[in-house]
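The block underneath contains the structure these notes are about, expressed in structure tokens.
There are 2 protein chains.
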Amino acid sequence: MSRPRATHRGPRASSAARVPGIDYANLHAHFGYALRRAQITAFAAFARATEGLAITPPRYTALVILEANPGISQSALGEVLGTARSGAMMLTNWLVGRGLAERRHRPDDGRAWGLYLTRGGRALTARLKRRVYEYDQRVAARLTPAERGTLLRLLEKLTP
Amino acid sequence: MSRPRATHRGPRASSAARVPGIDYANLHAHFGYALRRAQITAFAAFARATEGLAITPPRYTALVILEANPGISQSALGEVLGTARSGAMMLTNWLVGRGLAERRHRPDDGRAWGLYLTRGGRALTARLKRRVYEYDQRVAARLTPAERGTLLRLLEKLTP
DNA sequence: TATTGTTATACTCTATAACTATA
DNA sequence: TATAGTTATAGAGTATAACAATA
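See below:
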């Protein structure tokens with residue numbers, strides 16, 4: 054996925070700390086392992102930022118993408134999220150059911166929907182963006198400003 | 054989780070590439086998003102490294118932990134993996150069912166098991182470690198040696 | 001023939017809670 | 001009373017496959 058495809062059920066308490074007395078061998082020298090641990094930390098921050106709002110990472114991504122790409126089709130949304138069409142549909146159903154997004158028929162293509170945020174969806178998205186950004190920066194606060202830029206650059210370089 | 058807790062079902066085809074024509078807003082400036090994309094790349098490499106072996110990240114972690122901590126209890130293993138006791142049990146059942154690990158009664162505590170790799174488990178673990186390391190390095194090859202060290206250091210610093 | 005959306009189904013992983021046996 | 005292991009159950013998330021409508 055491009056595509057943050059999350060398996061994430063909402064707030065989780067787990068931390069990424071090492072268990073004392075355990076020999077981790079060379080696990081921590083692996084990028085896959087180190088990335089996973091860091092991601093758990095970032096997930097925990099996301100969960101706190103969206104507490105009580107039933108927003109998961111893919112839902113958040115969908116809101117941001119819909120805001121920036123009004124009229125996008127369900128298939129394209131699924132492609133961005135890296136999920137199958139059926140998954141994009143259930144996600145869209147959830148957004149529509151909450152009154153956050155709506156489907157509009159496309160004049161040019163009778164098969165596809167155009168997806169749009171509702172007023173409530175735009176309001177929630179704006180609020181979420183502030184909160185998620187705030188908690189993201191709180192995680193990043195463990196690094197110096199220079200280190201933050203370096204980390205983002207290296208992560209981007211790692212990803213094709 | 055500490056704890057690489059994977060939701061990962063084996064080889065997955067998804068890539069982490071951007072979809073052309075889509076406005077991603079400032080998603081890529083978020084550490085949570087960037088970490089997730091990088092992790093997807095690392096997962097894909099892990100899947101290739103373990104192709105056909107039915108090894109998932111938590112299973113791999115369990116093998117490495119059992120190798121380095123012979124006699125560890127199921128509860129401790131669950132704590133390392135960041136999963137509930139029931140999850141540690143199912144994972145252990147899987148390893149035992151494949152003949153990779155065995156439970157031995159502890160002389161000092163009648164409640165707990167001591168977990169040990171079998172000879173086959175040790176052989177598979179040794180093989181997996183080489184392969185996973187190889188693919189991990191292949192991902193890291195997109196970075197210079199200096200950048201690799203920097204990335205690991207920054208990821209470690211990000212994680213409490 | 002290919003594509004969009006839809007529905008149904010199954011599978012994996014995980015969590016919770018209740019139970020037992022030991023401590 | 002607390003802990004290790006076990007079992008059963010439920011839930012979220014995802015994938016696959018088949019179908020109808022449209023291109």
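First to last, the protein sequences are chains B and D.
Taking the numbering used here, the leading residue of the first sequence gets 54, the next gets one more, and so forth.
Taking the numbering used here, the leading residue of the second sequence gets 54, the next gets one more, and so forth.
Note that beta-carbon positions come from the ideal geometry of N, C-alpha and C, so glycine has one too.
Bridge partner(s) assigned by DSSP for residue i
i	result
Ala154/B	Leu170/B
Ile125/D	Leu168/D
Rounded straight-line distance, which links the Cα of residue j to that of residue i
i	j	result
His158/D	Thr94/D	41 Å
Leu208/B	Asp161/D	47 Å
Arg138/B	Thr145/B	10 Å
Leu130/D	Ala141/B	36 Å
Gly105/D	Ala70/D	25 Å
Leu148/D	Ala98/B	33 Å
Val117/D	Arg206/D	22 Å
Ala107/D	Ala176/B	45 Å
Glu132/D	Arg164/B	49 Å
Ala102/D	Arg201/D	20 Å
Gly173/D	Arg191/D	27 Å
Ala193/D	Ala154/B	40 Å
Thr136/D	Leu119/B	34 Å
Leu196/B	Asp76/B	27 Å
Helix, strand or coil at residue i [DSSP, three-state]
i	result
Thr94/D	helix
Ile118/D	helix
Tyr77/B	coil
Gly7/B	This structure cannot settle anything about residue 7/B, because the visible part of chain B is limited to 54 through 213.
Gly105/D	coil
Arg219/B	With chain B represented from 54 up to 213, any question about residue 219/B goes unanswered, as that position is not in the structure.
Thr212/B	coil
Thr197/B	coil
Ala141/D	helix
Asp162/B	coil
Thr136/D	coil
Distance cut-off 8 Å: residue i Cβ against heavy atoms of the ligand ATP
i	result
Arg183/B	By its list of ligands, the structure shown contains no ligand whatsoever, and the ligand ATP lies outside what it can speak to.
Between the stretch 179–195 of chain B and the stretch 109–123 of chain B, do at least 3 Cβ pairs fall closer than 8 Å?
By the Cβ test, the stretch 179–195 of chain B is in contact with the stretch 109–123 of chain B, since at least three Cβ pairs between them sit closer than 8 Å.
Between the stretch 162–175 of chain D and the stretch 115–125 of chain D, do three or more beta carbon pairs fall short of 8 Å?
Contact holds: three or more Cβ-Cβ distances are below 8 Å.
Flag this pair as touching only if the stretch 83–93 of chain D and the stretch 82–91 of chain B have three or more C-beta atom pairs under 8 Å; answer yes or no.
Taking 8 Å as the limit for Cβ pairs, the verdict is that the stretch 82–91 of chain B does touch the stretch 83–93 of chain D.
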